[in-house]
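A short worksheet on the structure shown next.
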Amino acid sequence: MLVRIPQLLTAAEVAHCRRVLEAAAWIDGRATAGEQASKAKLNLQVPENAPQARELGDIVLRALGRNPAFTSAVLPLRVYPPMFNRYDTGMTFRAHVDNAIRHVPGGGRLRTDVSSTLFLTPPEDYDGGELVIEDTYGTQSVKLNAGDLVLYPATSLHSVTPVTRGSRWASFFWTQSMVKDDGQRRLLHELDTGIRRARADLPDDHAGVLSLTAAYHNLLRQWVEM
Ligand code: NI
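Numbering follows my numbering, in which position 30 of the sequence shown is assigned residue number 1306; successive positions increment by one, without gaps.
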């Protein structure tokens, strides 16, 4: 399931991120890629332990925490500290699958169930740089407004097409979900979305709302791992 979340960050937050990133030290993006991915990868990243990465990562995490669509679609157990990358003209990331397990800086491991990209450059400021995702429903090409997020199953083959003008800046991170199966997560997200729509028109004690809400929580109880 591929989900777009518009305006995860406000315009002011995007502007702040861009100002802080201007002053960051950028290193070769292959520092954090797996063996196959590192051969396919040509981009720049802010080092994971850089103070800019930590400050801006916390802004992204706070934005995720206040976003009900992210919670509903991902059912997050643990989010990897957000990282920041850029593709200058000529840079690209050919098709790859992200590593299944990541060591979290500061301790522990995380299973990458959901991959996320948060766009930080307005689409009119660069050409190319589309995120191409091979979803169960076919290939999708994604290029969003600055501040918008896309999330997709980490099992998907994906790439970033070469940037041919300008520079594309983004934040990216992985989430371990409480529900590891993408099909189950999709079903829960569809059910939750339906309940929200029903609750917009019906009182919370309506029998239909009550039984659908019960079904949602009872499915979640069966599928969740913590
Ligand atoms: Ni990737």
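Yeah, the Cβ is synthetic: ideal placement off N, Cα and C, and Gly gets one too.
*Please write down, chain order preserved, every residue whose beta carbon lies under 7 Å from a heavy atom of ligand 1.*
ALA1313, PHE1369, HIS1372, ASP1374, SER1391 and HIS1434
_Residues bridged to LEU1387 (per DSSP)_ = Stepping through the sequence shown from its first residue, residue 1387 is reached at position 111. Looking at the sequence itself, residue 1387 is Arg, so the reference to Leu does not match. BP columns for ARG1387 point to ILE1377.
*asked:* Just to check my reading of the structure: MET1464 and LEU1320 have Cβ atoms closer than 8 Å, yes? What is that Cβ distance to the nearest angstrom?
replied: As a position in the sequence shown, residue 1464 is number 188, starting the count at 1. As a position in the sequence shown, residue 1320 is number 44, starting the count at 1. According to the sequence provided, residue 1464 is Leu. The question's Met does not apply to it. The beta-carbon separation of LEU1464 and LEU1320, rounded to 37 Å, does not stay under the 8 Å limit for a contact.
*Could you give the residue range of the alpha helix (DSSP H) that holds SER1487?*
Mapped onto the sequence shown, residue 1487 falls at position 211. 1483-1499 is the span of the alpha helix (DSSP H), which, as asked, contains SER1487.
*Exposed or buried, TYR1413, counting other C-beta atoms within 10 Å across all chains shown (16 or more means buried)?*
Translated into positions along the sequence shown, residue 1413 becomes position 137. It counts as exposed.
_Do LEU1318 and MET1367 count as a contact pair if the criterion is CB distance below 8 Å?_
Position 91 of the sequence shown, counting from 1, holds the residue named residue 1367. Position 42 of the sequence shown, counting from 1, holds the residue named residue 1318. Yes, they are a contact pair.
*Pull up the distance between the alpha-carbon of HIS1493 and that of MET1454, whole angstroms please.*
Mapped onto the sequence shown, residue 1493 falls at position 217. Mapped onto the sequence shown, residue 1454 falls at position 178. Each residue's alpha carbon lies about 13 Å from the other.
_Tell me the DSSP secondary structure of ARG1461 in three-state form._
The sequence position of residue 1461 within the sequence shown is 185, counting from 1. Helix, per DSSP.
*Would you list the one or two residues that DSSP bridges to GLU1410?*
By 1-based counting over the sequence shown, the position of residue 1410 is 134. Beta-bridge pairing links GLU1410 to THR1415.
*If you draw a straight line from the alpha carbon of HIS1434 to that of ALA1371, how long is it in whole angstroms?*
The sequence position of residue 1434 within the sequence shown is 158, counting from 1. The sequence position of residue 1371 within the sequence shown is 95, counting from 1. Approximately 5 Å, taken between the alpha carbons.
*Are the Cβ atoms of THR1397 and ALA1422 separated by less than 8 Å?*
Numbered from its first residue, the sequence shown carries residue 1397 at position 121. Numbered from its first residue, the sequence shown carries residue 1422 at position 146. Closer than 8 Å, so yes.
_Entirely enclosed beta strand (DSSP E) segments - the segment 1413-1456, minimum 3 residues_ = 1414-1418, 1425-1429, 1434-1436, 1439-1441 and 1444-1453
*asked:* At the level of alpha carbons, what is the spacing between TYR1356 and ARG1444?
replied: Locating residue 1356 in the sequence shown gives position 80, where the first residue counts as 1. Locating residue 1444 in the sequence shown gives position 168, where the first residue counts as 1. For TYR1356 and ARG1444, the distance between alpha carbons rounds to 22 Å.
_Distance check for ASN1375 and ALA1309, CA to CA, integer angstroms please._
Indexing the sequence shown from 1 puts residue 1309 at position 33. Indexing the sequence shown from 1 puts residue 1375 at position 99. Distance between the alpha carbons of ALA1309 and ASN1375 is about 8 Å.
*Own chain residues within Cβ distance below 7 Å of ALA1307, not counting five before or after*: The residue given as residue 1307 occupies position 31 in the sequence shown. GLN1321, listed in sequence order.
_Beta bridge counterpart(s) of PHE1369 as assigned by DSSP_ = Counting from 1 along the sequence shown, the entry for residue 1369 is found at position 93. Beta-bridge pairing links PHE1369 to LYS1317 and VAL1436.
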